[in-house]
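Colleague: If you read the sequence shown in my numbering, its first letter stands for residue 270, the second for the next number, and so on.
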Amino acid sequence: MLPEPAPESEALEPDAVSPPTFRLGPVAELTLTGVLVAAVLSGLGGWLLERVPDEPDRSCLGGASSEVVAARPELSADSPRKSYQDARRLIREENARVDRAVADHHGTARTVVHIGSDVAADQEGQRYNAAVPELRGIALAQRALNDEARNDSQKVWLRVDSRNAGQDFADAPRIARRVAEDARKKGSGIIGVVGFSKSLRQTQEAVRILGRAQIPVVGTTATADLMQVDGYYRRVAPTNSREAAVEAGFARRGNIMDDGTGKCSPAAAAVVVKDPRDLYSDEVGTLFAERFGARPVTLEYTPGGRADGGAQGPGEDGVARTDSISDLADAVCERISGNPRTVVYWASRALQFSAFLDDFEDNTACEGRSLTVLGGNDLTTAALAGEYADRPWLRLYHTVHVLPAGHPRLSDIAKKFNADYARRFGSHDLWRDDGRAALAHDAMQLMAEAANRAYRSTHDVERSNVQIGLDNGIRKQGASGYLDVGRGRSVPRDKPVIVLHHTDRGSEPVLYCGAFTQNPAGRITRWGPHGEFRCPRDS
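#1: In this structure, does DSSP put Leu330 in helix, strand or coil?
#2: Around the Cβ of Gly797, are there at least 16 other Cβ atoms within 10 angstroms (buried) or fewer (exposed)?
#3: Where Arg638 and Trp662 are concerned, what is the direct C-alpha to C-alpha distance, given to the nearest angstrom?
#4: If I measure Cβ to Cβ from Phe291 and keep anything under 8 angstroms in the same chain, skipping five residues before and after, which residues do I get?
#5: Rounded to whole angstroms, what is the Cα-Cα separation between Asp807 and Asp740?
#6: In chain order, what residues of the same chain lie with their CB nearer than 7 angstroms to the CB of Leu648, ignoring the 5 residues before and after it?
#7: Between which two residues does the beta strand (DSSP E) carrying Ser726 extend?
#8: What's the C-alpha gap between Gly562 and Gly554?
#9: Assign Gly704 to one of two classes, buried (16 or more other C-beta atoms within 10 Å of its C-beta) or exposed (fewer than that).
#10: Excluding the 5 residues flanking Trp426 on each side, which residues of the same chain have their C-beta closer than 6 angstroms to its C-beta?
#11: Indicate the three-state DSSP secondary structure (helix, strand or coil) for Glu516 in the structure shown.
#12: Quickly, what does DSSP pair Arg428 with across the bridge? List them, please.
#13: Going straight from the alpha carbon of Gly791 to that of Ser726, what length do you get?
#14: Would you call Val543 buried or exposed, if buried means 16 or more other Cβ atoms sit within 10 Å of its Cβ?
#15: Given a cut-off of 7 angstroms on the beta-carbon distance, is the pair Gly747 and Gln714 in contact?
#16: Is the CB-CB distance between Leu548 and Arg470 below 7 angstroms?
#17: Using DSSP's beta-bridge definition, name the partner residues of Asp753.
#18: How many angstroms separate the CA atom of Arg560 from the CA atom of Ala683?
#19: My output table needs one value for Phe465: the three-state DSSP class, helix, strand or coil.
#20: May I have a chain-ordered list of the beta strand (DSSP E) segments no shorter than 3 residues that lie completely inside the region 604 to 678?
#21: Does the beta carbon of Ile737 come closer than 7 angstroms to any beta carbon on chain C?
#22: Tell me where the alpha helix (DSSP H) around His409 begins and ends.
#23: Which residue wins for smallest C-alpha separation from Asp430, given the options Val401, Ala536, His383, Asp528?
#24: Please report the distance separating the alpha-carbon of Asp753 from that of Ala449.
#25: Is it true that the CB of Ala339 sits closer than 7 angstroms to the CB of Pro677?
#26: Exposed or buried, what is Ala634 when buried is set at 16 or more other beta-carbons lying within 10 Å of its beta-carbon?
#27: So for Asn433, helix, strand or coil by DSSP?
#28: DSSP on Gly573, reduced to helix/strand/coil?
#29: Report the rounded CA-to-CA distance for Tyr781 versus Ile594, giving the unit in angstroms.
#30: Pairing CB atoms from the region 339 to 349 with CB atoms from the region 692 to 707, are three or more of them under 8 angstroms?
#31: Pick helix, strand or coil for Cys804, following the three-state DSSP scheme.
#32: So who's on the other strand from Val766, going by DSSP bridges?
#33: In the structure shown, what three-state DSSP assignment does Asp547 receive?
#34: Give the range of the beta strand (DSSP E) segment to which Ala589 is assigned.
#35: Under a three-way DSSP split, which group does Gly456 fall into?
#36: When you compare the CB positions of Val462 and Ile484, do they come within less than 7 angstroms of one another, or not?
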């Protein structure tokens, strides 16, 4: 477990010492004084030798045997398609329960539309898939919320209408337009939308379409600041601005660069890899470069190539452009060869990262050289699935939005969610610790809280009332941290960001910052082995 930060209290005044009631003679007094001074100086010198090291602390971040890890489970024997269909079946069964309750006059029901992406086409695709855990989180939340509605007549039963927007949300704008048309129909019961697990140009456009139709939206794991196109969109994940601030501070101050002797130091330079056509990648890569400082070089890699083609060296903006993984690997190798304390900030997607590692290991002059990489949440699912195992030369840090199950910092709500998830999907499930299920659960919780407030105050639930509930502000404990939104905030204040270190036994937290719970003890404001660094705080 990471050491607790030292308390920030003022030093106490020393107790007063009464003078002795006897006196020595002058010679004896001088002699004793000299002996005492010599003893004090000798002791102080020894204390200084012990307390003032020749060099600063160079112990590497990671390797705490007592830290709770996000364990690395085996891939499921089920196909991704089967896991996806099983989650959809849970939602259909719950929708049927809602219909029975309404038919028996046991409550009022409304519909929340979920817009998600298609599932991976093959077994290997599980390593990069967000569709299954998001759908599972929504299914668990729907069941729990309807259990509350069964016991409380002042709460609304919720149906979930899950719509597939295709691979990488290719159909998201079309689906959004269809939802807007359906919502205008009398008696549709649609009160809002949850989903959008990725920040892409097409999901941004879909959010804009829903906003023009005045439909409240609560996003799940999409983090780009640019997803915020209007006041109808909120999300439960931290923004790219927050993540980049945490990650840049971690790279500049944390002992993450191994010199080969087991000692580490902070990064002195950085190489940023991003895809300029990907909304998330382009934004978070730019933000990290700005916050890291020291003029990092940015390598733009576009899968499938750019229209103009051809690799280009760094321009005045410090950006080099390449269209092949092999050129990208060579460029990274050149940078770390020039400065071994260079961290690679991977802002691109996980699928390209695996291809990059293969090329870097086999086809560059850096074969066998240590490589330190810091990446975002897109790498987390693949890392937890063991995608980057058996690469002893890779030192990988990656971010996530929840602490591992069993961590002592988890709130009671998070513990209950993890227990429910394990009971339904298994404690060694691939997606238990990657955060996507918890964020989807919390998106449903926010939408339901706004709907329930509207129902209690008006005995009706319209989209406009749900939007008013979100605008007025909601403070609620979630599975992914404390949810404090509304009143000018579209994102929960100080939402948790965790940095994990990838190890043979699993991924261990080496930094965690943010509001994990409402009470002060659950608000982590410092990080580091001795709590010496301040966590970024939202304004």
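No residue lacks a Cβ here, since even glycine has one placed at the ideal position from N, Cα and C.
Modeller: Taking the definition as stated:
#1: coil
#2: buried
#3: 6 angstroms
#4: Here Phe291 scores only 30 on pLDDT, less than 50, and its place in the model is too uncertain to base an answer on.
#5: 19 angstroms
#6: Trp615, Ala619, Phe622, His667
#7: Ser726 -> not in any beta strand (DSSP E); alpha helix (DSSP H) instead, spanning 705 to 727.
#8: 13 angstroms
#9: buried
#10: Val367, Ala370, Gly376, Ala378, Asn415, Ala418
#11: helix
#12: Thr380
#13: 32 angstroms
#14: Per the sequence shown, residue 543 should be read as Lys rather than Val. Buried, since its Cβ has 16 or more Cβ neighbours within 10 Å.
#15: yes
#16: yes
#17: Arg744
#18: 31 angstroms
#19: coil
#20: 611 to 615, 640 to 644, 663 to 669
#21: The chain inventory of the structure shown lacks chain C, comprising one protein chain alone.
#22: Correcting the residue identity first, residue 409 is Leu in this sequence and not His. Segment 400 to 420, the alpha helix (DSSP H) holding Leu409.
#23: His383
#24: 28 angstroms
#25: no
#26: exposed
#27: strand
#28: coil
#29: 32 angstroms
#30: yes
#31: coil
#32: Cys782
#33: coil
#34: 588 to 591
#35: coil
#36: yes
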